[in-house]
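Report on one structure; see the data block that follows.
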Amino acid sequence: RTVKLFDAVDSTQNIAQRLAEEGAPEGTLVIAEQQTNGRGRMGRNWISPPGKGVWMSLILRPSLPLQFAPQLTLLAAVALCRALKELAPLDIGIKWPNDLLVGGKKISGILLESSAEDERIRYVVAGIGISVNLTEDDYPEALRDTATSLRIELGNELDRTEIIAAFIRHFQQLYTLYQQEGFSPIQSLWEALSVTLNKPVKLLTPAGQVEGTPIGLSESGALIVRKPDGAQTLVFSAESSGP
Ligand code: BTN
């Protein structure tokens, strides 16, 4: 596998996308010590100080219709959750679709960006940010209630290389399972690690607010939400707006 290591980049997503456009094969991994313009979902920025976290992007070239791309995000979240649980004795859960939380605070996020042609995936770049050794001072005041790091939760530092190696191992195992058996085994694993299911939420979706209780994942990776009137609705993307 090709691993490209950088000191400082704007975003590993940009580097990986450029490499993918130039024909880089599936499995190519771009890792940076620091990102000056790391990005998160929903146009947010991602704090990526030098040497303190895992900031990486993985190029994938699955032969899939574009509509299945969200399944890969969920797969990556399961792989990451398994890797981190293996290395840190913490209660880590997945908040839909792909945030990893410890005690309700975020320690990791995944951003999947895809390029498609005729509704089929050309490549996807799975961006993974893991807040490993950040301290409270690394976070702006406004984020301290909602974001944390493995170091803050554990009280000690972790080796970033071991985390990357464990993630790649788990990802590879699950990606093979996915290619052989489809999404359903991944879906069960995701549901078992989820902290989102069966708890009432208010979700801010592009189509407006949805209130209800998430009861599972659909085949496409959307969240199935049961509304107070009993009707079910699918949510493909959202922010939570409260408990
Ligand atoms: C989120 O939770 O909003 C997703 C965060 C994704 C951050 C990672 S860090 C490596 C890669 N490069 C980026 O610019 N973003 C992703």
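Numbering-wise (full-length UniProt numbering), the sequence shown opens with residue 80 and increments by one.
Note that the Cβ used here is the ideal one computed from N, Cα and C, for glycine as well.
Practice task
Just the C-alpha distance for residue 113 and residue 133, rounded to the nearest angstrom, thanks.
Solution key: Within the sequence shown, residue 113 is the residue found at index 34, counting from 1. Within the sequence shown, residue 133 is the residue found at index 54, counting from 1. Each residue's Cα considered, the two are about 9 Å apart.
Practice task
Compare the Cα-Cα distances from residue 233 to each of 217, 263 and 210 and report the closest residue.
Solution key: As a working mapping, residue 233 is identified with position 154 in the sequence shown. Closest option to residue 233, Cα to Cα, is 210.
Exercise for the section: Inspect the CB distances between the segment 185-193 and the segment 218-236 and report whether three or more fall short of 8 Å. Expected result: With the cut-off at 8 Å, the segment 185-193 and the segment 218-236 touch.
Problem - Distance, residue 146 Cα to residue 199 Cα - result: On the sequence shown, position 120 is the one that residue 199 refers to. On the sequence shown, position 67 is the one that residue 146 refers to. CA-to-CA, the gap between residue 199 and residue 146 works out to about 8 Å.
Practice task
Tell me, please, whether the segment 201-221 touches the segment 151-158 by the rule of three or more beta-carbon pairs shorter than 8 Å.
Solution key: Yes, since at least three Cβ pairs between the segment 201-221 and the segment 151-158 fall closer than 8 Å, the two stretches touch.
Practice task
In angstroms with no decimal places, state the Cα-to-Cα distance between residue 251 and residue 257.
Solution key: Here residue 251 refers to the residue found at position 172 of the sequence shown. Here residue 257 refers to the residue found at position 178 of the sequence shown. Going from the Cα of residue 251 to the Cα of residue 257 covers about 10 Å.
Handout entry: Cβ-heavy atom distance, residue 247 to the ligand BTN, below 7 Å
Key = Residue 247 sits at position 168 when you count from the first residue of the sequence shown. Checking the Cβ of residue 247 against the ligand BTN gives no.
Exercise for the section: Note down, in chain order, each residue of its chain lying with its Cβ closer than 8 Å to the Cβ of residue 304, except the 5 sequence neighbours on either side. Expected result: Start at 1 with the first residue of the sequence shown, and residue 304 comes out as number 225. The beta carbon of residue 304 sits closer than 8 Å to those of 280, 282, 289, 291, 292, 293, 294, 311, 312, 313 and 314, all from its chain and outside the five residues before and after it, given in chain order.
Handout entry: 7 Å CB neighbourhood of residue 167 in its chain, flanking five on each side removed
Key = As a first step, residue 167 must be located in the sequence shown, where it is residue number 88. Taken in chain order, the residues that qualify are 229, 233 and 237.
Handout entry: Cβ distance (whole Å) where residue 254 is taken to contact residue 126 below 8 Å
Key = Mapped onto the sequence shown, residue 254 falls at position 175. Mapped onto the sequence shown, residue 126 falls at position 47. That belief does not hold up - the Cβ atoms of residue 254 and residue 126 are roughly 28 Å apart, past 8 Å.
Handout entry: Within 8 Å, strictly: CB atoms of residue 318 and residue 245
Key = Translated into positions along the sequence shown, residue 318 becomes position 239. Translated into positions along the sequence shown, residue 245 becomes position 166. No, these two residues do not count as a Cβ contact at 8 Å.
Handout entry: Opening and closing residue of the beta strand (DSSP E) in which residue 205 lies
Key = The sequence position of residue 205 within the sequence shown is 126, counting from 1. 199-209 is the extent of the beta strand (DSSP E) around residue 205.
Handout entry: Contact set for residue 169: own chain, Cβ-Cβ below 8 Å, skip 5 residues either direction
Key = Along the sequence shown, one-based indexing puts residue 169 at 90. If we look at residue 169 and ignore the five residues flanking it on each side, its Cβ neighbours are 163, 181, 229, 232 and 233.
Practice task
Return yes when the C-beta of residue 170 is under 7 Å from any heavy atom of the ligand BTN, and no when it is not.
Solution key: For the purposes of this step, residue 170 is taken as residue 91 along the sequence shown, with counting starting at 1. Incorrect: residue 170 has no Cβ contact closer than 7 Å to the ligand BTN.
Exercise for the section: Check whether the Cβ of residue 303 lies closer than 8 Å to any Cβ atom in chain D. Expected result: In the displayed structure, chain D is absent; only one protein chain is listed.
Problem - Per-residue DSSP class, three states only, for residue 104 - result: Your numbering for residue 104 matches position 25 in the sequence shown. In the three-state reduction of the DSSP assignment, residue 104 falls in the coil class.
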